[in-house]
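Numbering (our numbering), first residue to last: 27 to 167. We treat Cβ as the ideally placed atom computed from N, Cα and C, and that holds for glycine. Only a predicted model underlies this, so the values are computations on that prediction, with no experimental measurement involved.
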């Protein structure tokens, strides 16, 4: 009986330590959770019509003059700002800061003239501290 009590105490202590370690080393919250909202849609297209993206694709012709990055956020806990950062290869070319208003849903977009620059592109969505929330990649051929 004495050994049983010791084993139970060891088991309880182990579970307590494990619970503490799992909360400390557990899965980190995503950047979206840290900011307090969710990005429901992030797409790149050739335009925005009636509040919706059009010409959505992952590849665009070098003759495409302008592309639009469309974002739909949900569960926005407070008014905030986000930045659309346009990157060609490894070079940041443009940063556009736009508001997100508190509420259940907010849609916004930014655009970039491509100037015939072929290659790999990325649009990063960043918070006011410059931390990456989410990104999307596309190619110009």
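Residue 154 lies in the beta strand (DSSP E); which residues open and close that run? Unbroken run through residue 154: none, as it is neither H nor E.
Same chain, Cβ closer than 7 Å to residue 39, five either side skipped, listed in chain order: Residue placement at residue 39 is poorly supported in this model, since its pLDDT is 49, which falls under 50; the coordinates are not used for a value here.
Sorted by chain position, which residues of the same chain lie with C-beta nearer than 7 Å to residue 115's C-beta, five sequence neighbours on each side aside? 145, 146
Are the CB atoms of residue 161 and residue 148 within a distance shorter than 9 Å? yes
Euclidean distance between Cα positions of residue 92 and residue 62: 31 Å
Reduced DSSP category for residue 125 - H, G, I as helix; E, B as strand; rest coil: strand
Less than 9 Å between the C-beta atoms of residue 112 and residue 104, yes or no? no
Measuring alpha carbon to alpha carbon, tell me which of 88, 125, 130, 129 ends up nearest residue 136. 125
Report, in whole angstroms, the separation of the C-beta atoms of residue 97 and residue 134, which I expect to be a contact under 8 Å. 6 Å
Straight-line CA distance for residue 109 to residue 156? 8 Å
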